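Have a look at the structure below, then the notes.
In the working numbering, the protein residues as written are 1 to 114.
The following block contains the structure:
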């Protein structure tokens, strides 16, 4: 309940901290499958990422160290890939971006294909 209240209250109390609010429509089936994957993942990992990070790391649990290392490592990989996509998107002129040939070329660059 606190997360919902905080999300509602923050833009009203400190609008400068919040950027443009964009509504994202997610089909109910996709939301359900995403939640299901999170449940399965937390069950396989023996807890959620926050639990491993806070409790497990303070106890020097081996599984928590592995879980947090994996989560941070993959987060770094995804952040680098997404930032390179944004850099390419910003550097390529809009006229060039709209052609099918350029889209395929950008896709090949992002996927490291020749």
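Just so it is clear, CB atoms sit at the ideal spot from N, CA and C, and this is done for glycine as well. None of the values given here were measured: they were computed from a predicted structure.
Residue i in three-state terms, based on DSSP
i          : result
residue 14 : coil
residue 7  : helix
residue 62 : helix
residue 51 : helix
residue 23 : coil
residue 86 : helix
residue 68 : helix
residue 1  : coil
Host alpha helix (DSSP H) of residue i (start-end)
i          : result
residue 42 : 28–45
Rounded Cβ spacing between residue i and residue j (contact assumed at less than 8 Å)
i          : j          : result
residue 57 : residue 63 : The Cβ separation is near 11 Å, so there is no contact.
residue 52 : residue 76 : Incorrect: roughly 17 Å between the Cβ atoms, too far for contact.
residue 3  : residue 11 : With 8 Å as the limit, residue 3 and residue 11 do not qualify as a contact, their Cβ atoms being about 14 Å apart.
residue 48 : residue 42 : 5 Å
Min CB distance residue i to chain D below 8 Å
i          : result
residue 52 : Among the protein chains of the structure shown there is no chain D, as only one such chain exists.
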